[in-house]
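Undergrad: Take a look at the following structure, please.
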Amino acid sequence: MSTFCGKNGSRRSPKLVSTRRNIWESARSATRCPGISSIFRHRVPILKKSICWPPPPPGREPMNQPAEYKTRINYSKTRQARYIAHLDTIDVICKALRRLQLSYAVTQGCHVRPKISFGPPLPLGHASYCEYFVITLNQEPDVEWLKNALNKEMPQGMEVMSIEHPWSDKKSSAGGEWVQYQLYFKSSATAEQAQTYLLNPDSSFEIQRKGQNKRYVLGKAVQKAKLSGQGDAWLLTAEFIQGIADVPSVSKIVTALAGHLGASRDDFYLLERTSLKEL
1 MSTFCGKNGS RRSPKLVSTR RNIWESARSA TRCPGISSIF RHRVPILKKS ICWPPPPPGR
61 EPMNQPAEYK TRINYSKTRQ ARYIAHLDTI DVICKALRRL QLSYAVTQGC HVRPKISFGP
121 PLPLGHASYC EYFVITLNQE PDVEWLKNAL NKEMPQGMEV MSIEHPWSDK KSSAGGEWVQ
181 YQLYFKSSAT AEQAQTYLLN PDSSFEIQRK GQNKRYVLGK AVQKAKLSGQ GDAWLLTAEF
241 IQGIADVPSV SKIVTALAGH LGASRDDFYL LERTSLKEL
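Last residue of the sequence shown: 279 in our numbering, with the numbers rising by one and none dropped.
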């Protein structure tokens, strides 16, 4: 009977090789044919879809996730900082946080990023004393230290005003925001003209976008508009709601107001957001 060499140099007979091949083919068939004898089925086991793993040994607890501390940081944007766009503001704040080497939580997706969320965007050129962002930290922060350290890293015109910790998100299903603005004018005539325009719910304006004109009506967008001041300093305190369907944003209303004032628009020299609440 002829023989041949295997991989390790040992001699094998064709009969032995043929027998092993037949056993292997039978085992493969057993995975496809449940009726085959169990003598082959144990060679290629079929796992069930659900496996009940045994409990961990006594004294060994499953790994716990690190503690997370949500913190809300309130800051202002005034002077030259009001000309920093919203996305650039996010970049400035994230870089300041990295320079402080804070231990913050990150997302679990493919693109890892800090667990941080910002308030509604502030239109370019608007000053504000009620901006905020919420960050999730891995360690309980020292509020006073964090406030002072962040202020050292912030650019001129951006200042951390207060820190709320712990913070819990309480969002309602209604959506939208209530905002309060202060509009500054140099003359009483221009201020009164702006007040009349804002308090008229039938005031309307058109905005062209993507080649189409869309008409907006103030309606319930303006809640209040109170005028005060004297001489060359007149203050119009107005309350708005935004973020609701068919209600124009404050940015659109202010742009329309500047167009309505015409040549007197130069008397309208400053706009500040002083308060913001979620509806």
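Note that CB positions come from ideal geometry on N, CA and C, so glycine has one too.
Starting from the N-terminal side, write out each stretch of the beta strand (DSSP E) that is 3 residues or longer and does not extend beyond the region 209–239.
TA: 212–217, 222–230
Undergrad: Select from GLN139, ILE163, CYS110, GLU278 the residue whose C-alpha is nearest the C-alpha of PHE240.
TA: Mapped onto the sequence shown, residue 240 falls at position 240. When only C-alpha atoms are compared, the closest one is GLU278.
Undergrad: For a test of the three-state rule: what should DSSP assign to ASN138, helix, strand or coil?
TA: Here the question's residue 138 lines up with position 138 in the sequence shown. It is coil, neither helix nor strand.
Undergrad: Below 8 angstroms, can you find three or more Cβ-Cβ pairs linking the region 71–83 to the region 122–141?
TA: Touching, per the Cβ criterion.
Undergrad: Can you tell me which of the three DSSP states ALA85 falls into?
TA: As a working note, residue 85 is residue 85 in the sequence shown. Secondary structure at ALA85: coil, using DSSP grouped into helix, strand and coil.
Undergrad: Relative to the ligand ADP, is the shortest distance from any of its heavy atoms to the C-beta of GLY219 smaller than 7 angstroms?
TA: Absence of the ligand ADP from the depicted structure is noted, as is the absence of any ligand whatsoever, leaving it without description.
Undergrad: To the nearest whole angstrom, what separates the beta carbons of LEU218 and LEU227, a pair I think is in contact under 8 angstroms?
TA: Residue mapping note: residue 218 aligns to position 218 of the sequence shown, counting from 1. Residue mapping note: residue 227 aligns to position 227 of the sequence shown, counting from 1. Incorrect: roughly 17 angstroms between the Cβ atoms, too far for contact.
Undergrad: With distances taken from CA atoms, which of VAL160, SER103, ALA194 is nearest TYR269?
TA: By 1-based counting over the sequence shown, the position of residue 269 is 269. Of the candidates VAL160, SER103, ALA194, the one whose C-alpha sits nearest the C-alpha of TYR269 is ALA194.
Undergrad: Let's see if you can read the secondary structure: which residues bound the alpha helix (DSSP H) around GLU144?
TA: Taking the sequence shown and counting its residues from 1, one reaches residue 144 at position 144. 143–153 is the span of the alpha helix (DSSP H), which, as asked, contains GLU144.
Undergrad: Please classify SER37 as buried or exposed, where buried requires at least 16 other C-beta atoms within 10 Å of its C-beta.
TA: For the purposes of this step, residue 37 is taken as the residue at position 37 of the sequence shown. Reliability fails at SER37, whose pLDDT of 49 lies under 50, so the model's placement of it is uncertain and no value is given.
Undergrad: Report yes if the CB atom of ASP267 is closer than 8 angstroms to the CB atom of LYS170, and no otherwise.
TA: Stepping through the sequence shown from its first residue, residue 267 is reached at position 267. Stepping through the sequence shown from its first residue, residue 170 is reached at position 170. No, they are not a contact pair.
Undergrad: By Cβ distance below 6 angstroms, which residues in the same chain neighbour ILE253 in space, the five residues on each side in sequence not counted?
TA: Taking the sequence shown and counting its residues from 1, one reaches residue 253 at position 253. Excluding sequence neighbours, ILE253 sits near nothing in its chain.
Undergrad: Measure from the alpha carbon of HIS260 to the alpha carbon of each residue in ILE84, SER204, LEU150, then state which is nearest.
TA: Here residue 260 corresponds to residue number 260 of the sequence shown, with the count starting at 1. Per the C-alpha coordinates, the member of ILE84, SER204, LEU150 positioned closest to HIS260 is SER204.
Undergrad: Output needed for GLY125: all residues of its chain with C-beta closer than 8 angstroms, excluding positions within five of it in sequence on either side, in chain order.
TA: In the sequence shown, counting from the first residue as 1, residue 125 sits at position 125. Excluding residues within five positions, the ones whose Cβ falls inside 8 angstroms are ARG82, TYR83, LEU271.
Undergrad: Using the three-state DSSP reduction, which class does SER37 fall into: helix, strand or coil?
TA: On the sequence shown, residue 37 is found 37 positions in, with the first residue counted as 1. At SER37 the pLDDT is 49, less than 50, meaning the model places this residue with poor confidence and gives no usable figure here.
Undergrad: Would you kindly check if the distance between the Cβ of PRO248 and the Cβ of ALA225 is under 8 angstroms?
TA: Here the question's residue 225 lines up with position 225 in the sequence shown. Here the question's residue 248 lines up with position 248 in the sequence shown. Contact: no.
Undergrad: Would you call the CB atoms of LYS95 and ALA105 closer than 8 angstroms?
TA: Counted from its first residue, the sequence shown places residue 95 at position 95. Counted from its first residue, the sequence shown places residue 105 at position 105. Against a cut-off of 8 angstroms, the Cβ pair of ALA105 and LYS95 comes out as no contact.
Undergrad: Can you list, in chain order, the residues of its chain with a C-beta nearer than 6 angstroms to that of ARG209? Leave out the 5 residues immediately preceding and following it.
TA: Against the sequence shown, residue 209 aligns to sequence position 209. Excluding residues within five positions, none has a Cβ falling inside 6 angstroms.
Undergrad: Between GLU144, ILE135, THR274, which lies nearest to THR71 when the distance is taken from Cα to Cα?
TA: Counting from one through the sequence shown, the residue named residue 71 turns up at place 71. Closest option to THR71, Cα to Cα, is ILE135.
Undergrad: Express the C-alpha separation of ASN138 and ALA258 in angstroms, rounding to a whole number.
TA: Numbered from 1 along the sequence shown, position 258 holds the residue referred to as residue 258. Numbered from 1 along the sequence shown, position 138 holds the residue referred to as residue 138. Roughly 46 angstroms separates the two Cα atoms.
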